[in-house]
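Chains as they are written, first to last, in this note's numbering: chain A, 67 to 219; chain B, 67 to 219; chain C, 67 to 219; chain D, 67 to 219. Here the structure is laid out as structure tokens; the discussion comes afterwards.
Number of protein chains: 4
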Amino acid sequence: MEAPPTPPPGAAATSVQHRVPFYETDAMRVVHHSNFVRWLELARIRWLAEHHRPYPEYVAAGRHFAVIRLELDYRRSVAFDEEVTITVWPEWVRGATLRMVYRLETARGLVAHGATDHALVDDEGRPSRIPREERDALRKLCASPVPPGAHRA
Amino acid sequence: MEAPPTPPPGAAATSVQHRVPFYETDAMRVVHHSNFVRWLELARIRWLAEHHRPYPEYVAAGRHFAVIRLELDYRRSVAFDEEVTITVWPEWVRGATLRMVYRLETARGLVAHGATDHALVDDEGRPSRIPREERDALRKLCASPVPPGAHRA
Amino acid sequence: MEAPPTPPPGAAATSVQHRVPFYETDAMRVVHHSNFVRWLELARIRWLAEHHRPYPEYVAAGRHFAVIRLELDYRRSVAFDEEVTITVWPEWVRGATLRMVYRLETARGLVAHGATDHALVDDEGRPSRIPREERDALRKLCASPVPPGAHRA
Amino acid sequence: MEAPPTPPPGAAATSVQHRVPFYETDAMRVVHHSNFVRWLELARIRWLAEHHRPYPEYVAAGRHFAVIRLELDYRRSVAFDEEVTITVWPEWVRGATLRMVYRLETARGLVAHGATDHALVDDEGRPSRIPREERDALRKLCASPVPPGAHRA
Chain A
67 MEAPPTPPPG
77 AAATSVQHRV
87 PFYETDAMRV
97 VHHSNFVRWL
107 ELARIRWLAE
117 HHRPYPEYVA
127 AGRHFAVIRL
137 ELDYRRSVAF
147 DEEVTITVWP
157 EWVRGATLRM
167 VYRLETARGL
177 VAHGATDHAL
187 VDDEGRPSRI
197 PREERDALRK
207 LCASPVPPGA
217 HRA
Chain B
67 MEAPPTPPPG
77 AAATSVQHRV
87 PFYETDAMRV
97 VHHSNFVRWL
107 ELARIRWLAE
117 HHRPYPEYVA
127 AGRHFAVIRL
137 ELDYRRSVAF
147 DEEVTITVWP
157 EWVRGATLRM
167 VYRLETARGL
177 VAHGATDHAL
187 VDDEGRPSRI
197 PREERDALRK
207 LCASPVPPGA
217 HRA
Chain C
67 MEAPPTPPPG
77 AAATSVQHRV
87 PFYETDAMRV
97 VHHSNFVRWL
107 ELARIRWLAE
117 HHRPYPEYVA
127 AGRHFAVIRL
137 ELDYRRSVAF
147 DEEVTITVWP
157 EWVRGATLRM
167 VYRLETARGL
177 VAHGATDHAL
187 VDDEGRPSRI
197 PREERDALRK
207 LCASPVPPGA
217 HRA
Chain D
67 MEAPPTPPPG
77 AAATSVQHRV
87 PFYETDAMRV
97 VHHSNFVRWL
107 ELARIRWLAE
117 HHRPYPEYVA
127 AGRHFAVIRL
137 ELDYRRSVAF
147 DEEVTITVWP
157 EWVRGATLRM
167 VYRLETARGL
177 VAHGATDHAL
187 VDDEGRPSRI
197 PREERDALRK
207 LCASPVPPGA
217 HRA
């Protein structure tokens, strides 16, 4: 994932705007890097509501999309009060996991890009397969419905 | 970085203990994944103080080790009041960047592992080469003083 | 401040909407109380931009409105994905300090109310008087331009 | 609560040390004021474990000490890597609520003081009376077992 990704043709993408609050900055006078991780969640949850199912319904049903892997490349720092656009789309869906990809931009250009892998778990954290119907629905939102054999090569 | 890493022979490692505060949990009733990123920082800063130079001295001098890449694999969720041990060591040091590797454990075993790449920047966020003397000192703390050609293959 | 406050006639008020992100919840499955404090800041900074001067201009000039006192009454818990409206207005302005008052509501009604006192400080944290011109401008935004003798009796 | 409080004779007090992580700072180059609220929780939870009952037992039983009021006076800013000592003790216990008082210090002296009022609630956030036995036990930990008539006058 060396080149900053863009939503491929056919992928269902969602963008959210986020104006940087003062409390997300740190003593470097820019946003602390851990907050980018939270921004990914903002976009992901909006994506679920727009394209799949509101996440509160998952939570109410005792189901969660736990993060099992996180990758983030930081290209530029982001300052207090800047507006960040976080764009997210799914890359692949497997039996029990799926991958979401992110692109983060401000008016100054690309600031970061990344990916998160998720597993469906219950309230006790036990993983479970994504029901076939849901999996099929989620796969239709990816550019390529077939998970690549070597997706990180 | 598929197998959970352990400090290689010769690498200078530091471990910190962190008892999970209630405010780090989320509505899944486990620690929110973004807090793991902050735990890496706790360990890294202790590592700098123990093996290299207290980070407050860097900050006071207007220098920062900005995070330019982050990778985290989450293996188990962590609950309120559990004690997490975060172990950190350097993997390689280049002209302007270095990589730190992490292993996170509780009494129940491995909970996560990851890595962060850093660039030395000034107060304005401009990258600068790590001074040769410092670079040499930092390299002596790695298992292998020569950065591998294809470290992420 | 026992009765939930409302903006008095003549006071310059600002309201911001905030949809609760998942990462603001805790293991009680509602928003962690410390996040309400951050919401006050969101509203306060918007208020400054709308009625006085964008806060980034203050920060760029090495000036900050440090919080010197905080009071919050929590009336109802707030859940993931709820929309909170935070309304803020100034109560009084003195030589070196000012007080902002807040009312927090969701569709279910009042969830909290509070106040913050602020002192103008420089980059080193040294307090300084609010320049007369600014003070006069800020006082015009309060309902009552004269600070009450016993405002917290 | 104008004079910085100290634990009165007979009150069960607990102190915790907290070294300030970099991620708790903000662009004022000191700790963001919202983090002080989290420090109070660190001390409170340690207090419960030392003097009453480990908070994880409460949570496991679906009971929580929800914060219903918060007061904080900030006297000095706190910097990255400083060690803060947070001392906490109970002020009074009523039928369904109790008040904890806090004093925060660094090597430079008092940095803040405050108080939190709590109500015992269940997993659904419904308040319930503190069982008489527990209430009696908690009251023995206060300096004065009788709640003052006008504690905030």
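Each residue gets a CB set at the ideal place from its N, CA and C atoms; glycine is no exception. Quantities reported herein were computed from a predicted structural model and do not represent experimental measurements.
Among the options, the one whose alpha carbon lies nearest that of residue i
i: A109 (chain C); options: C:A185, C:V154, C:T182 and C:V133; result: C:V154
i: F102 (chain B); options: A:R205, A:L207, A:Y140 and A:V133; result: A:V133
i: R104 (chain A); options: C:Y89, C:I111, C:W105 and C:T80; result: C:Y89
i: Q83 (chain D); options: D:H99, D:A115, D:R129 and D:T151; result: D:T151
i: L170 (chain B); options: B:L186, B:T163 and B:R85; result: B:R85
i: L164 (chain A); options: A:A145, A:M94, A:S194 and A:D92; result: A:S194
i: W113 (chain D); options: D:M94, D:R142, D:A78 and D:D147; result: D:A78
i: D139 (chain C); options: C:A127, C:S81, C:P73 and C:V167; result: C:V167
i: A127 (chain D); options: C:H117, C:E116, C:M94 and C:R205; result: C:M94
i: R135 (chain B); options: B:H184, B:V97, B:E116 and B:H98; result: B:H184
i: P197 (chain D); options: D:L186, D:D147 and D:E137; result: D:L186
i: D202 (chain A); options: A:H118, A:H130 and A:E107; result: A:H118
i: A145 (chain A); options: D:F131, D:L207, D:E200 and D:D92; result: D:D92
i: L204 (chain A); options: A:R142, A:V97, A:G76 and A:P70; result: A:G76
i: E137 (chain C); options: C:E116, C:L106, C:H98 and C:R129; result: C:L106
i: P87 (chain B); options: D:V97, D:R141, D:A181 and D:A115; result: D:A115
Local conformation of residue i per DSSP, three classes
i: E137 (chain B); result: strand
i: D183 (chain A); result: strand
i: H99 (chain C); result: helix
i: R201 (chain A); result: helix
i: R85 (chain B); result: strand
i: L207 (chain A); result: coil
i: A78 (chain D); result: coil
i: A93 (chain C); result: coil
i: T72 (chain D); result: coil
i: R218 (chain A); result: Unreliable positioning characterises R218 (chain A) in this predicted model, as indicated by a pLDDT of 44, which lies under 50. A coordinate reading is not provided.
i: M67 (chain A); result: At M67 (chain A), the pLDDT of 44 sits below 50, so the modelled position is not reliable and the matter cannot be decided from this model.
Amino acids of chain B, ordered along the chain, whose beta-carbon sits closer than 7 Å to that of residue i
i: V125 (chain D); result: F146
Interface residues of chain C facing residue i [CB-CB closer than 8 Å]
i: D188 (chain B); result: Near D188 (chain B) there are no residues of chain C at all, since even the closest Cβ is about 17 Å away, more than 8 Å.
i: L108 (chain A); result: P87
i: I152 (chain A); result: The contacting residues do not exist; I152 (chain A) stays about 12 Å from chain C at best.
i: I196 (chain A); result: None at all; the shortest Cβ gap to chain C is about 19 Å.
Interface partners of residue i on chain B, CB under 8 Å
i: Y140 (chain C); result: Here the premise fails: no neighbours, minimum Cβ distance about 15 Å.
i: F102 (chain D); result: Simply none; closest approach about 12 Å.
Within chain C, partners of residue i - CB distance below 7 Å
i: A93 (chain D); result: V125
i: G191 (chain D); result: V96 and S143
Within chain D, partners of residue i - CB distance below 8 Å
i: Y89 (chain A); result: D92, H98 and S100
Chain-ordered chain D contacts of residue i [CB-CB under 9 Å]
i: E137 (chain C); result: R135, L136, E137 and L138
Within chain A, the residues that residue i reaches when beta carbons sit closer than 8 Å
i: H130 (chain B); result: M94
Contacts of residue i in chain D (Cβ-Cβ under 7 Å)
i: P122 (chain B); result: F146 and D147
Distance cut-off 7 Å: residue i Cβ against heavy atoms of the ligand PLP
i: R129 (chain B); result: No copy of the ligand PLP appears in this structure; indeed no ligand is present at all.
### Query
Using 8 Å as the Cβ pair cut-off and three pairs as the minimum, do the segment 118 to 131 of chain D and the segment 156 to 176 of chain C touch?
no
### Task
Let me know the beta strand (DSSP E) ranges lying completely inside the segment 122 to 173 of chain B, each 3 residues or longer, listed in chain order.
129 to 140, 149 to 159 and 163 to 172
### Query
Pairing CB atoms from the segment 189 to 196 of chain B with CB atoms from the segment 174 to 181 of chain B, are three or more of them under 8 Å?
no
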